[in-house]
Structure formats: structure tokens, C-alpha cells
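**Student:** For the sequence shown, numbering that gives the first Met the number 0 assigns the number 0 to the initial residue and increments by one for each residue that follows. Where a beta carbon is used, it is the ideal one built from N, C-alpha and C, also for glycine.
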Amino acid sequence: MYRSDKMANNNNPKTESHDPGRRNFLKNTGLVVGGVAGGSLLGGLFTNQMKSDEGKKGKSEDAVKVDPAHARVFFGRFEDFIVLATATELIFPEDDNGPGAIGLDVPYFIDKQLAGTWGINGDDYRQAPFTNLEGLKKIEKADEKVNHSRANRGKIFLEGLRLMNAESMKRFDASFDQATEEQQHEIMSDLEAGKLDMKSIPSDAFFALLKQATLEGAFSDPLYGGNKNMDGWRMKEFAGARPSYADVIESEEFVKLDPISLTDYQRKK
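1) Taking the runs of the alpha helix (DSSP H) that are 4 residues or longer, which of them lie wholly in the region 78 to 120?
2) Measure the CB-CB distance between residue 135 and residue 144 and report whether it falls below 7 Å.
3) Quick check: the Cα distance between residue 175 and residue 262, rounded to an integer number of angstroms?
4) Residue 124 to residue 192, Cα distance in whole Å?
5) Take residue 248 and list the residues in its own chain whose beta-carbon comes closer than 6 Å to its own, dropping the five residues that flank it on each side.
6) Using DSSP bridges, identify the partner residues of residue 239.
7) Examine the Cβ distances between the region 185 to 199 and the region 91 to 105 and report whether three or more of them are shorter than 8 Å.
8) Can you round the beta-carbon distance between residue 90 and residue 210 to whole angstroms, since I take them to be within the 8 Å contact cut?
9) Give the secondary structure of residue 44 by DSSP, where H, G and I count as helix, E and B as strand, and everything else as coil.
10) Return the chain-ordered list of same chain residues with a C-beta closer than 8 Å to the C-beta of residue 199, the five sequence neighbours on each side being excluded.
11) If we count the other Cβ atoms within 10 Å of its Cβ and call it buried at 16 or more, is residue 129 buried or exposed?
12) Could you tell me the boundaries of the alpha helix (DSSP H) in which residue 159 lies?
13) Just verifying my parser: in three-state terms, what is the DSSP assignment at residue 199?
14) Output the distance between the C-alpha atoms of residue 205 and residue 260, rounded to the nearest integer angstrom.
15) Does residue 244 pass the burial test, meaning 16 or more other C-beta atoms within 10 Å, or should it be called exposed?
16) Let's test the definition: count the other Cβ atoms within 10 Å of the Cβ of residue 88 and tell me whether it reaches 16, buried, or not, exposed.
17) Output yes or no for whether 7 Å exceeds the beta carbon distance between residue 207 and residue 141.
18) Can you tell me which of the three DSSP states residue 194 falls into?
19) Am I right that residue 163 and residue 82 are in contact with their C-beta atoms under 8 Å? What's the rounded C-beta distance?
20) What's the C-alpha gap between residue 227 and residue 182?
21) On a CA-only basis, which of 85, 173, 122 is nearest residue 109? Give me that one, please.
22) With a CB to CB cut of under 8 Å and the five nearest residues on each side skipped, what residues in its chain are close to residue 116?
23) Please report the straight-line C-alpha distance between residue 76 and residue 251, rounded to a whole angstrom.
24) Could you tell me which of 173, 266, 246 sits nearest to residue 78, measuring between CA atoms?
25) Would you mind reading off the limits of the alpha helix (DSSP H) that contains residue 132?
26) With 16 other CB atoms within 10 Å as the buried threshold, where does residue 139 fall?
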């Protein structure tokens, strides 16, 4: 199964992955949309737009709070970004342990990474000859398939996300974010199994790349755009970028520490 285990305690009975009641994405919005992620993300975006419009009608700029980190720098098409957001939430869903991918700003993390060196494979050897699609299918490791493809990660993401949306339209006459959660799972499972036909890379390799990026966005330092409020670290009880544990190492009792980001650490220096 493609979903991530984000728990610090894997025996927690609250982690039933198929309990739709544990998601409350629509609680703050009147929007009724399909699938796992639509209400939360679309509702937030529409709410921000409404606040912005209200600000133009006379409210001061201070009254309209917009997170500057919530700006897309790679995805020019909102349709592509909403498919990405929906897919990441399916991989890393919100539950009783804490927020999911959307709540952790994982889609924006991926957007920023694709806009940088990682997205263009800038640190990789990129000289021909490249391996064709049939040859890529014979390679066992997913990351090696990516490295041997002519397409860079940015192009792979765009092709993969658009294929998922097109497949949803073909099967269910609904965009991926508007499809039901069961329908979304069907497409994601076929993607993971390599059953969807991509031109640049086998679909299972794209799925592995998507999952890798999702987990990195959930657990990386917030300076990279994900792990909002360090909640990903809190779910894992990870203390973050601490330079030393000298002040607690001799304690005879268990010490639970709040996480510290790299930004927090540098402010204290």
C-alpha cells in the first residue's frame, strides 16, 4: 500500500487508514468537492482570494493575512498543482496523529524543489546516451530509472500529474481532485503498479519519486517550504536541529523536547 506511516508509535490504534471520519477537510468551508483533498486546499485558496477581494473593498492590508510561502514558482497551471496536492494527501493523510501533506505545506515544498536545481537534475550527470522507455522498465531501482531518463524531474512530474488527471477524466468523467476517494485510490494504485503509460518514465518510477518528495516535504526543515510549524517532526517526536543535548543527557527521567528548526537555532546564536 502506498500510504505513509507517519506515527512515532506504530501500534497506535487510531491509525486505521481507511476511516474517512478522521478527515475533517470540509469543516471550515462550505465547499462540497470530490475526493480526499479538494475541500481543504480549494477552500483555503478560495478563502484567501475572498479575503484579498475584501481587502480591495476597503480593509487595510494588515487585515488580510496571506502567507508569502504560498506562491507557486514551478506550477504555472493550477490544475497541475491541485492534482499534486490531492496525490500527496493520499500518500500522507491527515489523521488523529496530526496534519497531512496539505496541512504540512508539502505541495508548496515540492513546487519549490521542482523550481530549483533538483527539478532540472542540475547536480546529476545529464549527457547522452539516455535509456529509452523499454530499457527503463528493465531497471530495478526507481531512482536509477529517473537518472537514466532523458526527461528531468520537472518534466516527469508534469507528465505524471497530467496523466493522472486525464486518466480520471477517462474513467470517471471527473478531474482527479473531483473524483471520489475510492476512485483516486484506484488511479494511485495503478500508478504504483506501473499500469499507467507514461512516455518519459515507467509510472511506478514516477510514483516512487512522488512518494519520496512527499515524505521529504513532511519531514525536512521548514526552511525548505514544508513541515509547517515543525508538525511533521512533532509527530515523530524528533527534536530537530539541536546542536547539543548536554543540558539533558544526565537526566534520569525521560525528557521530551520541542523541535528546533535551523532558523530557531540560528536566532539563538
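**Tutor:** For this structure:
1) Correct list: 105 to 113.
2) On the sequence shown, residue 135 is found 136 positions in, with the first residue counted as 1. On the sequence shown, residue 144 is found 145 positions in, with the first residue counted as 1. For residue 135 and residue 144, yes; Cβs fall inside 7 Å.
3) By one-based count along the sequence shown, residue 175 stands at place 176. By one-based count along the sequence shown, residue 262 stands at place 263. Approximately 36 Å between the Cα atoms of the pair.
4) On the sequence shown, position 125 is the one that residue 124 refers to. On the sequence shown, position 193 is the one that residue 192 refers to. One C-alpha to the other measures close to 28 Å.
5) On the sequence shown, position 249 is the one that residue 248 refers to. For residue 248, where only same-chain residues beyond five positions count, there are no Cβ hits under 6 Å.
6) To locate residue 239, count along the sequence shown from 1; it is residue 240. Answer by DSSP bridge pairing, in chain order: 259.
7) Contact fails between the region 185 to 199 and the region 91 to 105, because fewer than three Cβ pairs, one in each stretch, are under 8 Å apart.
8) As a working mapping, residue 90 is identified with position 91 in the sequence shown. As a working mapping, residue 210 is identified with position 211 in the sequence shown. Indeed, because the Cβ distance is near 6 Å, the residues count as touching under 8 Å.
9) Here residue 44 is taken as the residue at index 45 of the sequence shown, counted from 1. Here residue 44 scores only 46 on pLDDT, less than 50, and its place in the model is too uncertain to base an answer on.
10) Working through the sequence shown from its first residue, we reach residue 199 at position 200. Closer than 8 Å at the Cβ level, and outside the excluded window around residue 199, lie 132, 148, 149, 150, 154, 155, 158.
11) In the sequence shown, counting from the first residue as 1, residue 129 sits at position 130. By the neighbour-count criterion, in which a residue is buried when 16 or more other Cβ atoms sit within 10 angstroms of its Cβ, residue 129 is exposed.
12) Position 160 of the sequence shown, counted from the first residue, corresponds to residue 159. Boundaries of the alpha helix (DSSP H) harbouring residue 159: 152 to 171, taken from the DSSP string.
13) Sequence index remark: in the sequence shown, residue 199 carries index 200 (1-based). For residue 199, the three-state secondary structure derived from DSSP is coil.
14) Position 206 of the sequence shown, counted from the first residue, corresponds to residue 205. Position 261 of the sequence shown, counted from the first residue, corresponds to residue 260. Approximately 30 Å between the Cα atoms of the pair.
15) Position 245 of the sequence shown, counting from 1, holds the residue named residue 244. Answer is exposed; the Cβ neighbour count stays below 16.
16) Position 89 of the sequence shown, counted from the start, is the residue given in the question as residue 88. Buried, because 16 or more other Cβ atoms sit within 10 Å of the Cβ of residue 88.
17) On the sequence shown, residue 207 is found 208 positions in, with the first residue counted as 1. On the sequence shown, residue 141 is found 142 positions in, with the first residue counted as 1. With contacts defined as CB atoms closer than 7 Å, residue 207 and residue 141 qualify as a contacting pair.
18) The residue given as residue 194 occupies position 195 in the sequence shown. Residue state, collapsed to three classes: coil.
19) As a first step, residue 163 must be located in the sequence shown, where it is residue number 164. As a first step, residue 82 must be located in the sequence shown, where it is residue number 83. That belief holds up - the Cβ atoms of residue 163 and residue 82 are roughly 6 Å apart, short of 8 Å.
20) Counting from one through the sequence shown, the residue named residue 227 turns up at place 228. Counting from one through the sequence shown, the residue named residue 182 turns up at place 183. C-alpha separation (whole angstroms): 29 Å.
21) Along the sequence shown, one-based indexing puts residue 109 at 110. 85 is the residue among 85, 173, 122 whose C-alpha sits nearest the C-alpha of residue 109.
22) Here residue 116 corresponds to residue number 117 of the sequence shown, with the count starting at 1. These residues qualify, in order along the chain: 122.
23) Taking the sequence shown and counting its residues from 1, one reaches residue 76 at position 77. Taking the sequence shown and counting its residues from 1, one reaches residue 251 at position 252. Cα to Cα, the separation comes out at about 55 Å.
24) Here residue 78 is taken as the residue at index 79 of the sequence shown, counted from 1. It is 173 whose Cα lies nearest to the Cα of residue 78.
25) As a working mapping, residue 132 is identified with position 133 in the sequence shown. Residue 132 -> alpha helix (DSSP H) spans 132 to 136.
26) By one-based count along the sequence shown, residue 139 stands at place 140. Burial check for residue 139: the Cβ neighbour count within 10 Å stays below 16, so the residue is exposed.
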